[in-house]
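Visitor: This is the structure I want to talk about, given as structure tokens.
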Amino acid sequence: MEKTMQDETVQMIVGKLKEQGRVIVFAKSGTALKRFVYHTLTDINDMPMALWGSSSDVIPPNSLGCDISNYTTTLARFAYSDESANDTWAIAGMSKKFPSISAIHPKRKVRKALLDTWVEAGIGGMLATIVDYEDTVNDVIEQLLEDFSDIGYPATRAFLTSVTQNIIELNEEGYIQKVFSLVPTKDMGVVVLLD
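For the numbering used here, add 16 to where a residue sits in the sequence shown, where the first one is 1.
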């Protein structure tokens with residue numbers, strides 16, 4: 017994707033997050049995810065945000081420089097603990113303080129807690145996940161539908177469009193490769209469009 021389109025798409029994502037929208041991002045590389053998440057979230061300076069990640073994920077990437085406060089004063093970072101149950105409880109309790117909660121490659125239990133909190137509290141955020149080399153947007157969608165089923169929501173693409181309308185695929189450098197829009201149809205189906 018050319019730089020102008022890259023910048024416009026990032027600004028579209030930033031706009032959605034500022035309006036408490038939700039965006040799903042996937043890549044084959046954890047480094048790519050981390051780079052994209054930080055460079056996107058640090059464009060938002062007027063709202064408190066929580067970012068969950070591994071102990072290395074909560075350290076900003078070198079490409080941002082060493083002091084994240086030069087970029088944002090509103091991004092609180094939290095490292096996953098050894099106990100997923102503690103993390104799920106913590107995420108669920110954050111919705112009163114943070115209108116946006118994001119996570120970089122959470123374990124399944126934590127990912128489900130994030131999705132549940134988004135829906136129950138009506139807040140936004142970004143879910144960034146690492147996929148296998150051969151996985152596509154359809155694999156990402158199927159995983160989300162399984163998660164919805166496990167936490168008691170309809171496991172349908174129509175319900176998915178009420179949670180997010182955009183799924184972003186990154187390349188290995190952390191730049192946007194493809195943008196998929198989930199568009200509901202009149203017959204309650206969903207079309208996945210490549211923008």
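Ideal Cβ positions, reconstructed from N, Cα and C, are used throughout, including at glycine.
Pull up the distance between the alpha-carbon of Glu35 and that of Glu99, whole angstroms please.
Guide: Walking along the sequence shown from the start, residue 35 turns up at place 19. Walking along the sequence shown from the start, residue 99 turns up at place 83. About 31 Å.
Visitor: Could you give the DSSP three-state label for Ser79: helix, strand or coil?
Guide: As a working mapping, residue 79 is identified with position 63 in the sequence shown. In the structure shown, Ser79 sits in a helix (DSSP, three-state: H, G or I).
Visitor: Go through its chain and collect everything with a Cβ distance to Ser165's Cβ below 6 Å, but skip five positions before and after it.
Guide: For the purposes of this step, residue 165 is taken as the residue at position 149 of the sequence shown. Here the set comprises Ala171.
Visitor: Run through the DSSP bridge pairs and tell me what Trp68 is partnered with.
Guide: As a first step, residue 68 must be located in the sequence shown, where it is residue number 52. According to DSSP, Trp68 bridges with Phe94, Ala119.
Visitor: Heavy atom of the ligand COA less than 8 Å from the Cβ of Arg127, yes or no?
Guide: Absence of the ligand COA is noted for the structure shown, with no ligands found whatsoever.
Visitor: From Val30, Pro200, Val39, Lys123, pick the residue whose C-alpha is nearest to that of Thr58; which is it?
Guide: For the purposes of this step, residue 58 is taken as the residue at position 42 of the sequence shown. For the residues Val30, Pro200, Val39, Lys123, the minimum Cα distance to Thr58 belongs to Val30.
Visitor: Are Trp68 and Ser111 close, meaning C-beta to C-beta below 9 Å?
Guide: Taking the sequence shown and counting its residues from 1, one reaches residue 68 at position 52. Taking the sequence shown and counting its residues from 1, one reaches residue 111 at position 95. Not closer than 9 Å, so no.
Visitor: From the DSSP output, in three-state form, read off Val41 for me.
Guide: Within the sequence shown, residue 41 is the residue found at index 25, counting from 1. If DSSP states are grouped into helix, strand and coil, Val41 belongs with the strands.
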